[in-house]
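Chains as they are written, first to last, in the working numbering: chain A, 4 to 223; chain B, 4 to 223; chain C, 757 to 1113; chain D, 757 to 1113. Built from N, CA and C at the ideal position, the CB exists for glycine as well.
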Ligand SMILES: Nc1ncnc2c1ncn2[C@@H]1O[C@H](COP(=O)(O)OP(=O)(O)O)[C@@H](O)[C@H]1O
Ligand SMILES: Nc1ncnc2c1ncn2[C@@H]1O[C@H](COP(=O)(O)OP(=O)(O)O)[C@@H](O)[C@H]1O
Ligand SMILES: [Mg+2]
Ligand SMILES: [Mg+2]
Ligand SMILES: [Mg+2]
Ligand SMILES: [Mg+2]
């Protein structure tokens, strides 16, 4: 039970963002490839460009509170990603930042609130429903799983594992879906059979959070 | 020696032109292919288009004298081939026609005069020298061989064989030449190693003459 | 990838720099955030028009800045919507006090980024309205998807609105005119080849030597369907009849409600074309299709319009809204009236479209 | 082969028909023999300008017919010089009595066919002069070969001469002006990809994915040399310095001697560029290179000209003299003086080039 009291520090968040930048750089090509058959082959390029910008802004706010760090991340993404991904991921981090304004440490519950706020922001902006074949299809089950696991009293690490597994499943579930939102919707039936790039990048972002916390926790 | 008195009739000339049209159609692709590495890949297309036009004009003059038939051929080529080939081949037939004006039968000597006149016209217009890698390199030795063979008292058929052989050799001799005239000259050293398309079409025209006369003679 | 570029990541910036050097009397550029704008901006007493979108569609939009057209254009990375800070800075630069109209092509990313920019600009006290172009009949209609894409009608709207702005139309009048142009314009495109996004380095999609993609967008995104390649006449027939025979199209589009101070969804319906309509016929190359082929399309389009009872009263033929070096074409028909004809004929002077001056 | 055409043999005719339908106020066409001509021809009191050449270089020449440019243009089959009967009939159609100038690009076929046409036209009592454009520095100079090809300077000459003809220059003055433009203009081009002649159905040459052809002509004929692909800046450097650093170039060109009544060979020498020269800089797409790439070339060209002490006082950027869908570009520099600047700025209204009206 003491595990559940593990907290996420400002430094964890900074490390998460750095690791995210590295993961998205590594997967830039892969994400753009996923975007080719049902979009315009730029999702990985866009996200990579955005997180490069985040990395350039991060030093200015590394010693600020988590809310400020996440808001800065969101602003950097909005002004550099473009496409649909820019406003959506920008909103994800802006809303996350708002949800934990002023904090330098997050409890498991704070994390649940943070990710819930992010999802709400994305849905409000993009108006996607579950099943529309978007990033919402990865994040929604992930939030659900995280909250449930935390509520069940599992450790933060365990909860993050559940979140990641749910995100991965949500991502994979986009494959048979017919796209209703974004560029893929132009394809109608032909969008079926392809994994959504935005759902994939969302999974990677969440997985990276889980891995960062786990490895930093283990090494403590 | 009686063989040498074989004459070429108006009908032979008409058959020659028809056979030429067929041969150039058959070789249109090949001639354009030869034109690709050292020119603009159109020589066969051009000649084929030109002889189609000749075929459409031929019925109007089939019962005229050989001079008229050849002049009509030249005019048709000038107004349909375009490129360098148009004026050059047009001149070939125009000058040939002038050389045998009014005739309905040609002796071996008439034929020598006819082809010499053609060559002169081409050289005056195109200013190519022997060795410049043009049709002149096929026609010049052909004329030479024809005249010599006729002068030596060989049969017309034999003389035509000599002409064809010389034209073929002249054509092949263009391969190692560095082009000095026409489009191939832009290539400088890179024109070496390719057979000249115009020399090739000239060889085909002359070979067709020889074959037409031979086959019509044999069937008589 | 074969392109006349230096580094893929420098394409947009270097293109802007080259445009500024080539057209110093016409346009100026701003870097970081990137946009180009009229050299004489802000033009006193005139509403400013701003558009933008992913790069790779040149001359749209950056080459359509100048008298009788746009006041500024914001280029994103190739095929990627630009970011709100670009539209915001551009608005500040060209606003003469009469307000700014954002002309937005209907792509999720473009709409989101422009709407964010509009919100930010209003926060800074700039009077902003937006119009959305969604004219691509290749996309099947539905109230529940991203809807139709904005394609060829955008180019026509940019000049018509630009001419109207020069004549002194107010922001509200321009927004109304823009919406009128949008519902009266329809387009459809096709591709013979893919194109290559510089940063990707390889073709966005693969097409067999005997295949074509019909109903393509302008971002190398796949189209309505893949078909065996056909003759120019057959292709023109498919595009033209898809446009002309398309029924009424209903969707909701976001508009800013000034009184409410919020975005509202407005339901809009396109009237279909009918016999006797006067139209502007626009035959557009996707970039790689050379000028020799467009008149062959135009010729057939003219014949089809005549057969269908549409009278072509104006036309435009050339490369205006492209997808890099993609081979293919699009057709746009815009129903004209006296107002539109007069505005279309008005002078325009931009790098990519010029007449009357 | 992927093209928006019907039958290869119908391309030129259908293109002409489409042009006539698209630009009825500007041009008319004549079929068999084929040419297009100004709708208002013959223009009273004006010398008529006629050019022509193989098709596939659009908008040159057929799209450059109109006020301030050509009176007629004769298209051959793709990449094949047109035939003398075309230029003869065109001359008869547009001659106002002030005579006709044939503008000829220096290719063996073009020169022969135009000279035959000039002879025929003179036989019919039309006053004809000819100028030859041979500006391609990629071709090594020699008095004993076909000489340099006519490329980019042709487009510039066609407008400059067209403007001069509108101003009332005589045939003799126009021929002299044309020769002045020719010796002061130089060009060089390169290709990233080949092009496909419709009748041939496959690419004229093969280039590896990492290769380019430098010093290319406009007919898909191979160039000066094949090289590994380079950046836009490096390519611009090669083209620009080949042009700027080229020494004096001497050759003989055929001219009609009115007194002698015969063609004579005249020796002509181009002066090289020198520090302080004012130039027109022309960056041209070979057809398939999209608009986004040209400013990248222009940007570097501007820098090189500055470094070399050449002052760019006018420019032109776009697709004007093309090789079907070939990707690549060419650069032309034309030394300007007050006369040329004034003529360049004069109005022009053709399908492919338009300003001032
Ligand atoms: N309305 C929307 N709501 C949520 N996510 C969306 C929406 N539209 C698109 N997306 C997501 O954005 C992803 C594409 O992003 P990206 O490629 O960066 O933008 P673009 O489509 O403008 O090129 C899609 O895979 C999808 O997950
Ligand atoms: N000046 C010349 N004199 C004689 N023959 C020439 C000359 N220039 C070109 N040719 C011939 O013309 C041929 C090319 O003809 P063609 O391909 O029809 O014309 P083009 O070069 O205009 O495309 C060359 O292979 C060569 O034999
Ligand atoms: Mg995308
Ligand atoms: Mg040839
Ligand atoms: Mg995109
Ligand atoms: Mg040719």
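Would you say the beta carbon of residue i is closer than 8 Å to some non-hydrogen atom of ligand 4?
| i | result |
| --- | --- |
| residue 833(D) | no |
Quick check on residue i: buried or exposed, where buried means 16 or more other Cβ atoms within 10 Å of its Cβ?
| i | result |
| --- | --- |
| residue 129(A) | buried |
| residue 155(B) | exposed |
| residue 104(A) | exposed |
| residue 773(D) | buried |
| residue 1063(D) | exposed |
| residue 40(B) | buried |
| residue 133(B) | exposed |
| residue 218(B) | exposed |
| residue 999(D) | buried |
| residue 192(A) | exposed |
Strictly under 9 Å for the Cβ-Cβ distance: is residue i near chain D by that measure?
| i | result |
| --- | --- |
| residue 988(C) | yes |
| residue 1045(C) | yes |
| residue 182(B) | yes |
| residue 95(B) | no |
| residue 202(B) | no |
| residue 49(B) | yes |
| residue 1080(C) | yes |
| residue 843(C) | no |
Between residue i and ligand 3, is there a pair consisting of the residue's CB and a ligand heavy atom that are separated by less than 8 Å?
| i | result |
| --- | --- |
| residue 200(A) | yes |
| residue 31(A) | no |
| residue 1032(D) | no |
| residue 49(A) | yes |
| residue 836(C) | yes |
Report the option in the options whose CA atom is closest to the CA atom of residue i.
| i | options | result |
| --- | --- | --- |
| residue 109(A) | 80(A), 37(A), 167(A) and 14(A) | 14(A) |
| residue 935(D) | 901(D), 891(D) and 962(D) | 891(D) |
| residue 24(B) | 10(B), 61(B) and 176(B) | 61(B) |
| residue 968(D) | 825(D), 809(D), 991(D) and 1022(D) | 991(D) |
| residue 1038(C) | 930(C), 1087(C) and 1103(C) | 1087(C) |
| residue 932(C) | 908(C), 885(C) and 974(C) | 885(C) |
| residue 1108(D) | 914(D), 938(D), 788(D) and 871(D) | 914(D) |
| residue 97(B) | 80(B), 159(B) and 84(B) | 80(B) |
| residue 92(B) | 65(B), 111(B), 144(B) and 139(B) | 139(B) |
| residue 111(B) | 84(B), 55(B), 213(B) and 159(B) | 159(B) |
| residue 72(A) | 17(A), 33(A) and 56(A) | 17(A) |
| residue 124(A) | 37(A), 190(A) and 142(A) | 142(A) |
Is residue i close to chain B, meaning its C-beta is less than 9 Å from at least one C-beta of that chain?
| i | result |
| --- | --- |
| residue 998(D) | no |
| residue 896(D) | yes |
Does the beta-carbon of residue i, which I'm using as the reference point, lie nearer than 8 Å to any heavy atom of ligand 6?
| i | result |
| --- | --- |
| residue 919(D) | no |
| residue 42(B) | yes |
I think residue i touches residue j, with their Cβ atoms under 8 Å apart; what is that distance to the nearest whole Å?
| i | j | result |
| --- | --- | --- |
| residue 854(D) | residue 803(D) | 5 Å |
| residue 740(D) | residue 814(C) | Absent from the structure is residue 740(D), since the part of chain D shown begins at 757 and ends at 1113. |
| residue 101(B) | residue 120(B) | 7 Å |
| residue 950(D) | residue 976(D) | 6 Å |
Heavy atom of ligand 2 less than 8 Å from the Cβ of residue i, yes or no?
| i | result |
| --- | --- |
| residue 794(D) | no |
| residue 963(D) | no |
Taking only beta-carbon atoms, is residue i less than 9 Å away from chain A?
| i | result |
| --- | --- |
| residue 977(C) | yes |
| residue 868(C) | yes |
| residue 1115(C) | With chain C represented from 757 up to 1113, any question about residue 1115(C) goes unanswered, as that position is not in the structure. |
Using 9 Å as the limit for Cβ to Cβ distance, is residue i near chain C?
| i | result |
| --- | --- |
| residue 1058(D) | yes |
| residue 764(D) | no |
| residue 770(D) | yes |
| residue 189(A) | yes |
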